[in-house]
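Below: one structure, written as C-alpha cells.
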Amino acid sequence: MNSRTIKVDYLARVEGEGALYVKIKDNAVVDIKFKIFEPPRFFEAFLRGRTYNEAPDITARICGICPIAYQMSSVHAMEDAFGIKVDGQLRALRRLIYCGEWIESHTLHVYMLHAPDFLGYPDAIQMAKDYPDIVQQALQLKKIGNEIVALIGGREIHPINVRVGGFYKVPAKQELSPLAERLKWARDAALETVRWTATLKFPDFEQDYEFVALRHPEEYPFNEGRLVSNKGLDISVHDYDNHFIEEHVQHSNALHSVLKGRGSYFVGPLARYNLNFDKLSPLAQETARSVGLSHVCRNPFQSIIIRSVEVLYACDEALRIIEQYEKPDKPALEIQPHAAVGYGCTEAPRGILYHRYRIDDKGMILDAKIVPPTSQNQKTIENDLRQFIPQHIKLPNDQLTLQCEQAIRNYDPCISCATHFLKLKIDRE
Amino acid sequence: MSIKRKPKLAVWKFASCDGCQLSLLDCEDELLAVVDKVEIAYFPEATRAVAKGPYDISLVEGSVTTQHDAERIQKIRKISKLLITIGACATAGGIQALRNFKDVKEFISLVYAKPQYIKTLDKSTSIASHVRVDFELHGCPISKHQLLEVISAYLYGRKPNTPAHSVCIECKRRGTICVMVSRAIPCLGPVTHAGCNAICPSYCRGCYGCYGPKETPNTSSLSDKFSDSGLNNDSIMRMFRTFNACAEPFRKESETREIEEARSKRREARRE
Chain B
202 MNSRTIKVDY LARVEGEGAL YVKIKDNAVV DIKFKIFEPP RFFEAFLRGR
252 TYNEAPDITA RICGICPIAY QMSSVHAMED AFGIKVDGQL RALRRLIYCG
302 EWIESHTLHV YMLHAPDFLG YPDAIQMAKD YPDIVQQALQ LKKIGNEIVA
352 LIGGREIHPI NVRVGGFYKV PAKQELSPLA ERLKWARDAA LETVRWTATL
402 KFPDFEQDYE FVALRHPEEY PFNEGRLVSN KGLDISVHDY DNHFIEEHVQ
452 HSNALHSVLK GRGSYFVGPL ARYNLNFDKL SPLAQETARS VGLSHVCRNP
502 FQSIIIRSVE VLYACDEALR IIEQYEKPDK PALEIQPHAA VGYGCTEAPR
552 GILYHRYRID DKGMILDAKI VPPTSQNQKT IENDLRQFIP QHIKLPNDQL
602 TLQCEQAIRN YDPCISCATH FLKLKIDRE
Chain E
3 MSIKRKPKLA VWKFASCDGC QLSLLDCEDE LLAVVDKVEI AYFPEATRAV
53 AKGPYDISLV EGSVTTQHDA ERIQKIRKIS KLLITIGACA TAGGIQALRN
103 FKDVKEFISL VYAKPQYIKT LDKSTSIASH VRVDFELHGC PISKHQLLEV
153 ISAYLYGRKP NTPAHSVCIE CKRRGTICVM VSRAIPCLGP VTHAGCNAIC
203 PSYCRGCYGC YGPKETPNTS SLSDKFSDSG LNNDSIMRMF RTFNACAEPF
253 RKESETREIE EARSKRREAR RE
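Heads up: the sequence lines are chains B and E, in that order.
Add 201 to a position in the first sequence, counting from 1, and you land on the number used in this note's numbering.
Add 2 to a position in the second sequence, counting from 1, and you land on the number used in this note's numbering.
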C-alpha cells in the first residue's frame with residue numbers, strides 16, 4: 202500500500218501560527234487539517250465590562266496587520282447601537298484611512314508573501330537579489346499606504362485617532378495635499394503591479410464558490426453595504442447571526458464559520474471583485490480587462506492579480522477623496538450611550554469582518570462577538586486543498602508541500618486574527 | 003582580507019497580534035540595508051528559509067500563554083546570544099494579560115463552544131518572567147525607529163539610545179500644549195515610558211499608556227489628580243488596565259483603584 206504524509210509544522214509567510222496536515226492513501230486524500238495553533242487571546246471575554254469607546258483601541262490589538270478594519274467594524278457597530286450616522290467628510294476620511302490599509306496590507310501580501318511562491322524564492326529578500334527594482338517599488342508602494350494610515354491615524358500600527366463618532370482630530374486640507382502627489386506615483390506603480398502579476402503562471406484551478414461580500418449601491422465597499430453572495434444571499438448586516446454560524450473543531454483554535462444550510466463560503470478580494478466589479482473605478486476596470494480578466498474570476502491563485510487591482514482602486518479612490526476633501530467643522534459627532542445592540546461589518550483587506558456588541562444603559566459592553574475573515578475562509582481553504590492535491594499527487598513531497606502552501610497563501614490568511622489560527626503536514630500511507 | 007560572517011537575526015512569535023514584528027517589514031526605506039548587515043536566519047512571517055542556530059540576536063514578540071510556549075522560550079534562550087523582547091506582550095504580558103485578573107475557565111467558555119479543545123495557561127506572562135532578557139523594547143506597538151536603533155546598537159556593540167523618561171518630556175519637546183492642563187483631558191503621559199513621540203496628545207487625546215510605565219512613575223499622585231477632575235475609581239482602574247495591565251506599577255495602581263471602588267460600593271450599600 203502506498204501512503205504518505207505531508208506536514209508543514211509552521212506555515213511561513215502568513216500572519217500568525219498555523220500548520221497543515223494532509224494524509225494521502227493510495228493517491229487519494231483521506232484527511233486534511235488546516236490547523237490553527239496560535240494561542241487564544243480571549244478578546245470577546247475581556248471586552249465585557251469595558252466601555253463602548255474603548256472597543257476601537259482594544260480590538261485593534263487583535264491584528265497588527267489590519268487594525269483599521271477592527272477599528273472600523275467596532276465604531277460602526279457602536280454607532281449602529283446608538284442610532285447615529287457618520288456622514289460627509291468624516292465618512293470620506295474613514296474611507297481614506299481604509300484605502301491606506303488596503304494598499305499597505307495588499308502590497309505586503311502581493312510582493313512579500315505571495316509572489317515568492319510564483320517565482321520560486323523563499324522570501325522577498327532573496328527575490329530582491331534578482332528583481333531589485335520590483336522589490337524597491339513594492340516597498341515604496343507599501344510605504345504610501347502606511348503614510349495615509351499614519352497621517353490620519355497617528356501611526357501605522359494601532360492608530361490612535363479613530364473614535365466612535367469620528368476622529369479625535371481631523372487634518373486640514375493642505376495636510377493631505379503632499380499625499381496626493383505621492384499617490385499619483387503610487388497609482389502608476391499599482392497599474393504596473395497589475396500588469397506584472399498577470400504575467401505570473403497560474404495553475405488551472407477553478408471552483409464553484411459562494412462568494413460573500415458587502416455591496417453598496419454607489420461604491421466599491423469598505424464600511425457599509427448589504428451582505429450579498431453570487432448564490433442569492435442578500436441581507437442586512439443586522440441579520441448576520443441568522444445566516445452564519447461558527448463551529449468549533451478540535452484541530453483549530455479558531456472557530457470555523459459556515460453559512461447555515463449551505464456550508465463553506467469565500468470572503469476577501471476575490472469575493473469583493475466578483476460581486477462588485479461594476480463599482481470599481483473606470484481605470485481599475487479597464488486595467489483588469491487589459492490583462493485578460495473578465496468581471497468574474499474563480500481561480501484563487503489569481504487573487505494576487507485581484508489584490509493588485511484593489512490596490513489600484515484604493516490609490517484612485519484615495520486621490521478622489523483628497524481632491525474633494527474639505528475639513529469638517531467637528532472631528533466627531535456626539536454620542537449618547539444607551540442600552541442597545543449594535544452590528545458592524547466592514548471589508549478588511551482579507552474580507553468581511555463582523556462585530557456585534559450588546560451595551561448597557563451606562564455604555565458598558567455586556568457581550569461582544571467578533572468574526573474575522575480568516576475564520577470564514579478556513580473551510581474553503583481545506584476544500585481547495587481537497588480538490589487541488591489529487592491533481593498534483595504525483596509530485597514529490599517537497600514540491601507538493603510548496604504547492605499546498607501556495608494554495609493556502611491565496612487567501613492571505615491572518616492567523617492572529619482568526620484566533621481569537623496554522624502547521625502543514627502531509628501524511629502518505 | 004578576512005570575511006566576517008553576518009550576524010544571524012531570528013524573530014520569534016508568542017501570543018500577539020504580529021504588529022511588532024511587522025514593524026521590521028514596515029521599515030520600507032531601511033529593510034534592504036538591514037538585510038545587508040544581518041542574515042535573516044529565522045523569521046517565518048517573512049520567509050520559508052530557516053538557518054540553523056545559534057542566533058546572534060533573537061527578537062521575541064508576544065507573551066507566554068501555553069505550556070508549550072513556556073518550554074519553547076527556554077529553548078530559544080539557549081540558542082540566542084542576545085534576547086530582546088519587542089512590544090507590550092513580550093515585556094508585560096500584553097492585552098491578553100487581562101485574563102490574569104479573572105478566571106480563565108470562564109473566559110474560554112465565553113469564546114469557545116467546546117472548552118475541552120482549548121489548552122491554555124491561567125496567566126499571560128512576560129518573557130522576562132521565564133528567562134533572562136538582555137533588552138526590553140516597550141510599546142504597543144513598538145516604534146520602528148527604536149527597533150532600528152536597538153538592532154544597530156547591538157551590531158556595533160553599544161547601548162541602545164531609548165530614553166526612559168515620560169511621554170510628558172516628548173510633548174514638551176515637540177511643543178504640544180498639555181491636554182490635561184489646557185483641556186482637562188485625563189492623560190497617562192506623566193507615568194508612561196517615552197518612545198512614541200507623544201502621538202496621542204498631538205491628536206487632542208490623552209496618552210493611554212501603550213508604552214507602559216516609565217522608570218519610577220508616581221501613579222497614585224496621577225490617579226488622585228484624575229479623581230479631583232471627576233473620574234471615578236472604576237474609570238481610573240480601566241485606564242491603567244489595558245495593554246500593559248501587568249506591568250508592575252500599572253497593575254498595582256489598577257488593583258488599588260479596584261479595592262477603593264469595592265469599598266465605596268460597600269459604603270453605599272450600608273447607607274441604603
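Don't be surprised by glycine CBs; every beta carbon is placed ideally from N, CA and C.
On a predicted model such as this, the values are computed, not experimentally measured, just so you know.
List the residues that DSSP assigns as beta-bridge partners of residue i.
{"i": "Gly543 (chain B)", "result": "B:Tyr558"}
{"i": "His457 (chain B)", "result": "B:Glu448"}
{"i": "Glu216 (chain B)", "result": "B:Cys615"}
{"i": "Glu63 (chain E)", "result": "E:Lys15, E:Ile88"}
{"i": "Gly250 (chain B)", "result": "Looking at the DSSP assignment, Gly250 (chain B) forms no beta bridge with any residue, so it has no partner."}
{"i": "Phe368 (chain B)", "result": "B:Val363"}
{"i": "Met182 (chain E)", "result": "According to DSSP, which records beta bridges pairwise, Met182 (chain E) is partnered with nothing at all."}
{"i": "Thr122 (chain E)", "result": "The partner list for Thr122 (chain E) (beta bridge, DSSP) is empty, contrary to what the question assumes."}
{"i": "Glu548 (chain B)", "result": "B:Ile553"}
{"i": "Asp533 (chain B)", "result": "According to the sequence shown, residue 533 (chain B) is Ala rather than Asp. B:Gly367."}
{"i": "Leu139 (chain E)", "result": "E:Ile88"}
{"i": "Pro57 (chain E)", "result": "Checking the displayed sequence, the identity of residue 57 (chain E) turns out to be Tyr instead of Pro. E:Ser82, per the DSSP bridge assignment."}
{"i": "Asp31 (chain E)", "result": "BP columns for Asp31 (chain E) are empty, so no partner."}
{"i": "Ala569 (chain B)", "result": "B:Tyr558"}
{"i": "Leu10 (chain E)", "result": "Residue identity differs from the one stated: residue 10 (chain E) is Lys in this sequence, not Leu. Partner(s): E:Glu41."}
Take residue i as the anchor and find which of the options has the nearest alpha-carbon.
{"i": "Tyr514 (chain B)", "options": "B:Val542, B:Tyr474, B:Ile263, B:Ser204", "result": "B:Tyr474"}
{"i": "Asn234 (chain E)", "options": "E:Glu260, E:Pro9, E:Thr244, E:Lys216", "result": "E:Glu260"}
{"i": "Asn441 (chain B)", "options": "B:Phe244, B:Leu554, B:His310, B:Ala282", "result": "First, the residue type needs correcting, since residue 441 (chain B) is Tyr and not Asn in the sequence shown. Closest option to Tyr441 (chain B), Cα to Cα, is B:Leu554."}
{"i": "Ile129 (chain E)", "options": "E:Lys54, E:Ile86, E:Pro46, E:Asn163", "result": "E:Ile86"}
{"i": "Gln98 (chain E)", "options": "E:Glu73, E:Lys77, E:Thr68", "result": "E:Thr68"}
{"i": "Ile237 (chain B)", "options": "B:Pro257, B:Glu216, B:Lys344, B:Asn254", "result": "B:Glu216"}
{"i": "Glu280 (chain B)", "options": "B:Cys267, B:Pro257, B:Ile269, B:Ala293", "result": "B:Pro257"}
{"i": "Arg460 (chain B)", "options": "B:Pro614, B:Val223, B:Gln579, B:Gln592", "result": "The amino acid occupying residue 460 (chain B) in the given sequence is Leu; Arg does not appear at that position. Nearest option by C-alpha distance: B:Gln579."}
{"i": "Lys635 (chain B)", "options": "B:Leu384, B:Ile326, B:Lys374, B:Leu314", "result": "It is not possible to answer for residue 635 (chain B), since the shown part of chain B is limited to 202 through 630."}
{"i": "Val512 (chain B)", "options": "B:Pro323, B:Trp386, B:Leu291", "result": "B:Trp386"}
{"i": "Ile507 (chain B)", "options": "B:Arg295, B:Phe478, B:Asp530, B:Leu221", "result": "B:Phe478"}
{"i": "Glu518 (chain B)", "options": "B:Ala472, B:Ala293, B:Asp613", "result": "B:Ala293"}
{"i": "Asp38 (chain E)", "options": "E:Ala92, E:Asn102, E:Ile153, E:Lys83", "result": "E:Ile153"}
{"i": "Ile505 (chain B)", "options": "B:Lys224, B:Val395, B:Ile560, B:Asp405", "result": "B:Val395"}
{"i": "Glu357 (chain B)", "options": "E:Cys29, E:Lys15, E:Arg7, E:Phe228", "result": "E:Cys29"}
Beta carbon of residue i, beta carbon of residue j: below 7 Å?
{"i": "Asn246 (chain E)", "j": "Gly214 (chain E)", "result": "yes"}
{"i": "Glu302 (chain B)", "j": "Val350 (chain B)", "result": "yes"}
{"i": "Val66 (chain E)", "j": "Thr127 (chain E)", "result": "yes"}
{"i": "Pro46 (chain E)", "j": "Ala381 (chain B)", "result": "no"}
{"i": "Ser274 (chain B)", "j": "His496 (chain B)", "result": "no"}
{"i": "Cys212 (chain E)", "j": "Cys142 (chain E)", "result": "yes"}
{"i": "Ala549 (chain B)", "j": "Cys267 (chain B)", "result": "yes"}
{"i": "Cys19 (chain E)", "j": "Gly265 (chain B)", "result": "yes"}
{"i": "Tyr558 (chain B)", "j": "Val438 (chain B)", "result": "no"}
{"i": "Ile207 (chain B)", "j": "Thr581 (chain B)", "result": "no"}
{"i": "Cys209 (chain E)", "j": "Gly191 (chain E)", "result": "yes"}
{"i": "Gly631 (chain B)", "j": "Glu305 (chain B)", "result": "A query on residue 631 (chain B) cannot be resolved here, the shown segment of chain B reaching from 202 to 630 and no further."}
{"i": "Ser509 (chain B)", "j": "Thr398 (chain B)", "result": "yes"}
{"i": "Cys22 (chain E)", "j": "Ile144 (chain E)", "result": "yes"}
{"i": "Val133 (chain E)", "j": "Arg79 (chain E)", "result": "yes"}
{"i": "Gly219 (chain B)", "j": "Ile616 (chain B)", "result": "yes"}
{"i": "Gly64 (chain E)", "j": "Ala92 (chain E)", "result": "yes"}
{"i": "Pro501 (chain B)", "j": "Asn611 (chain B)", "result": "yes"}
{"i": "Val413 (chain B)", "j": "Val468 (chain B)", "result": "yes"}
{"i": "His449 (chain B)", "j": "Ile436 (chain B)", "result": "no"}
Are any of the Cβ atoms in chain C nearer than 7 Å to that of residue i?
{"i": "Tyr205 (chain E)", "result": "Annotation note: the requested chain C is absent from the structure, which comprises protein chains B and E."}
message: With a threshold of 8 Å, are at least 3 pairs of Cβ atoms found where one atom belongs to the segment 307-323 of chain B and the other to the segment 524-537 of chain B?
response: no
task: Take every Cβ of the segment 246-258 of chain B, pair it with every Cβ of the segment 567-578 of chain B, and state whether three or more of those distances are shorter than 8 Å.
output: yes
query: When the Cβ atoms of the segment 56-69 of chain E are set against those of the segment 350-364 of chain B, are three or more pairs found closer than 8 Å?
result: no
query: What are the uninterrupted segments assigned as beta strand (DSSP E) that are 3 or more residues long and contained completely in the segment 374-448 of chain B, given in chain order?
result: 413-416, 427-430, 445-448
query: Can you find at least 3 beta carbon pairs, one from the segment 326-340 of chain B and one from the segment 460-470 of chain B, that sit closer than 8 Å?
result: no
- prompt: In the segment 455-524 of chain B, which residue ranges form an unbroken beta strand (DSSP E) of at least 3 residues, counting only runs that do not cross its ends?
  reply: 457-460
field: Uninterrupted alpha helix (DSSP H) stretches inside the segment 158-236 of chain E (no shorter than 4 residues)
entry: 169-176, 181-185, 201-204, 221-230
task: Scan the segment 236-297 of chain B and note each continuous beta strand (DSSP E) run of 3 residues or more that stays entirely inside, going in chain order.
output: none
field: the segment 528-537 of chain B contacting the segment 10-26 of chain E, beta-carbon criterion three pairs below 8 Å
entry: no
task: Counting only runs of 3+ residues fully inside the segment 298-363 of chain B, write out the beta strand (DSSP E) ranges in chain order.
output: none
task: Please determine if the segment 533-543 of chain B and the segment 420-434 of chain B are in contact, where contact requires at least 3 C-beta pairs separated by less than 8 Å.
output: no
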